[in-house]
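The structure appears below as structure tokens.
In this note's numbering, the protein residues as written are 4 to 705.
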């Protein structure tokens with residue numbers, strides 16, 4: 004069997020001009036096993052995160068990813084999702100859900116819902132009440148979501164002895180008939196079913212890292228909140244739920260009515276036969292009572308053009324007809340131990356966060372069966388908290404509809420995500436739940452799309468920038484620019500080509516050579532750095548003022564030329580890195596007769612008589628003898644090309660000087676001789692024989 008090829012290594016070095024060097028050795032990643040084509044289709048859909056700096060960027064990135072997957076259909080979608088999940092998420096986000104690459108291509112190109120992530124999203128779990136249940140609501144979830152399946156099975160094991168039917172079969176049956184729906188509508192079966200679904204979904208969300216900041220349960224949903232918060236364990240909560248459902252099932256039948264009106268408008272119309280069962284929204288109130296009483300109040304409201312809807316329930320919940328169930332509920336709670344809740348949740352009775360005393364009082368849970376549900380008050384207490392996201396953790400989307408009926412202080416609708424589809428919806432539960440988790444990520448929650456440690460990183464398209472061009476409109480040759488019209492005034496040469504003379508101190512002001520050197524040095528540094536001379540800070544280092552190694556190389560050359568005193572780049576990067584220290588250095592080394600302060604002219608008290616010529620004319624009237632003017636160096640061309648060439652020539656000169664200094668420190672080598680027979684057979688006088696050469700005489704390695 005052939006030995007596996009050795010892994011490749013690469014050495015990378017980075018050498019800085021200032022002396023900082025970095026080295027790293029890279030090794031080839033271990034070879035991974037390619038998945039078989041049969042596993043390309045995932046048993047459960049995955050969500051693919053796409054983000055960008057704005058909405059258009061998200062759509063560009065989605066289209067690029069779709070094209071890549073279309074060109075590489077054999078990619079494992081799990082690897083694609085894991086690779087995308089490792090990337091930095093940007094502000095605007097969207098999600099595509101698919102089971103293989105073909106579905107992903109279609110889903111990516113169908114993206115229209117792009118959301119802006121919240122700064123610090125906080126999640127509030129909403130647990131629905133009775134009426135949201137339907138047969139088959141757990142179908143697909145148990146097979147696709149392992150964390151859900153574990154919690155769901157645990158609840159079913161606890162409630163099984165309390166029931167006389169196979170409740171799990173009703174919830175997992177995909178094609179349940181009307182008989183199953185009628186059976187699940189009974190309170191003694193509906194409430195345990197809702198508790199099992201809510202508790203299992205909450206467990207799954209928490210396994211993904213989604214932790215609630217608060218929880219609100221609607222009627223029986225408060226039991227799920229109590230179990231998730233840690234007030235009681237799941238086993239105790241499931242037993243109390245079964246006792247509650249059986250006790251309420253045994254009460255007299257009744258009816259309930261949903262009214263599209265505010266609580267304050269409905270209460271004056273109520274008689275003795277109906278009462279308020281729930282306040283669900285600012286303009287949605289639920290009434291409860293006898294069948295005759297509900298029919299009578301519905302007629303009175305119809306006369307006032309108030310819209311009403313009869314609810315499909317068998318009992319008048321949260322009314323006086325439930326008083327017979329209170330003792331059984333209180334007894335069930337007295338048999339369990341309660342603890343301090345770890346997550347705050349709201350009381351249905353008060354509409355405020357439940358206190359430790361209320362939560363541990365069995366009488367409270369008995370009153371909770373009888374008193375109206377103040378869901379709207381609890382929702383309003385959380386709705387204006389910054390960056391709040393509501394998540395309906397249960398079947399159907401009844402509570403999501405109630406959330407959309409509320410408004411925040413700025414008039415906007417609070418964001419709400421429903422984990423599961425409606426009972427009449429066409430979508431399957433598992434894909435909808437996966438899409439919902441992706442929506443939570445799009446709102447800013449830190450959720451990874453794939454938690455499988457065996458997923459591999461694959462090559463995917465990078466960020467698609469807008470590719471916006473920013474061209475500076477250059478004027479045509481021979482035409483004046485609009486910004487700078489032609490003028491007869493001469494154009495000034497570049498600032499670095501003109502050196503301002505040092506200012507002469509005013510009469511009576513102290514002046515010394517050091518101030519002149521400083522003024523001249525400011526001119527040099529300002530010309531290199533592109534600053535005004537007065538902007539050069541004497542206390543900060545030159546690097547801190549924006550002069551990098553390239554500009555300091557130019558500065559070293561210019562200082563050496565102007566002051567006739569050699570200054571090296573390493574000195575400007577080290578001991579001479581500040582203006583004041585550099586001035587002291589130059590003051591000590593520059594010739595004493597240079598850069599002396601100008602002496603002001605002194606006029607005599609009496610004017611001196613002008614010398615006379617032999618012909619009687621004043622000598623002062625003669626024209627001044629021609630004297631050589633100081634040589635003015637030629638100004639650098641004002642064109643960009645000329646300045647660039649000048650900078651490059653200065654850098655090359657500095658590099659040549661550095662090479663000369665290195666060459667001078669190396670041992671001398673023999674000159675190259677012609678390869679003649681004489682030179683090949685006879686060693687040079689300056690070179691010892693190869694047979695007698697010592698290691699010290701050996702030439703340096705190349």
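Positions of the beta carbon are idealized from the N, C-alpha and C atoms, including for glycine. All values derive from a computational prediction rather than experimental measurement.
DSSP places residue 586 outside any beta strand (DSSP E); the residue lies instead in the alpha helix (DSSP H), whose first and last residues are 582-592. Straight-line spacing of the CA atoms in residue 198 and residue 225 works out to 9 Å. Here residue 50 is bridged, per DSSP, to 100.
Here residue 311 is bridged, per DSSP, to 262. In the three-state reduction of the DSSP assignment, residue 367 falls in the helix class, which pools H, G and I. Fewer than three beta-carbon pairs drawn from the region 341-350 and the region 313-328 are found closer than 8 Å, and the two stretches are therefore not classed as touching. Inclusion of residue 276 and residue 292 in the CB contact set at 8 Å is warranted, their separation being smaller than that value. Burial is judged here by how many other beta carbons sit within 10 angstroms of a residue's own beta carbon; residue 64 has at least 16 and is buried. Annotation: the continuous alpha helix (DSSP H) that includes residue 434 extends over 432-445. If you check the CB distance, residue 76 and residue 444 do not come in under 8 Å. One Cα belongs to residue 218, the other to residue 148, and the distance between them is close to 23 Å. Burial of residue 54 is indicated by the presence of at least 16 other C-beta atoms within 10 angstroms of its C-beta. In this chain, the alpha helix (DSSP H) harbouring residue 521 covers 516-532.
In the three-state scheme derived from DSSP, where H, G and I count as helix and E and B as strand, residue 652 is classed as helix.
Within the region 283-357, the runs of alpha helix (DSSP H) that reach at least 4 residues and sit entirely inside it are, in chain order, 294-306, 329-337.
Between residue 586 and residue 517 the beta-carbon gap is near 6 Å, inside 8 Å, which marks them as a contact. Assigned with DSSP and collapsed to three states, residue 110 falls in helix. In the DSSP assignment, residue 406 falls within the unbroken alpha helix (DSSP H) covering 401-407. Taking 8 Å as the cut-off, the beta carbon of residue 269 is found no closer than this to the beta carbon of residue 280. Following the DSSP letters along the chain, one finds residue 220 inside the beta strand (DSSP E) bounded by residues 215-220. In the DSSP assignment, residue 128 falls outside any alpha helix (DSSP H) and within the unbroken beta strand (DSSP E) covering 125-130. A residue is called buried once 16 or more other Cβ atoms fall within 10 Å of its Cβ, and residue 457, having fewer, is exposed. With fewer than 16 other Cβ atoms from the protein chains shown falling within 10 Å of its own Cβ, residue 474 counts as exposed. Distance between residue 464 and residue 66, taken at the CA atoms: about 10 Å. Under DSSP, residue 281 shares a beta bridge with 289, 376.
According to DSSP, residue 30 shares a beta bridge with 12. Annotation: the continuous alpha helix (DSSP H) that includes residue 245 extends over 237-252. Residues of the same chain with a CB within less than 6 Å of the CB of residue 169, apart from the 5 flanking positions on each side, do not exist. Bridge partners of residue 64 according to DSSP: none are assigned. In the DSSP secondary-structure assignment, residue 395 is bridged to 129, 421.
Counting C-beta pairs closer than 8 Å gives fewer than three between the region 204-221 and the region 175-189, which falls short of the contact rule. The C-beta distance from residue 203 to residue 155 rounds to 4 Å, short enough to fall under 8 Å. In this structure residue 351 touches residue 220 by the C-beta definition: roughly 7 Å separates them, less than 8 Å. Annotation for residue 82: 458, 459, 461 place their beta carbon closer than 6 Å to its own, counting only its chain and skipping 5 residues before and after.
Within the region 131-187, complete alpha helix (DSSP H) segments of at least 4 residues are found at 144-147, 149-162, 170-175, 181-187, given in chain order.
Within 10 angstroms of the beta-carbon of residue 257 lie 16 or more other beta-carbons, which makes it buried.
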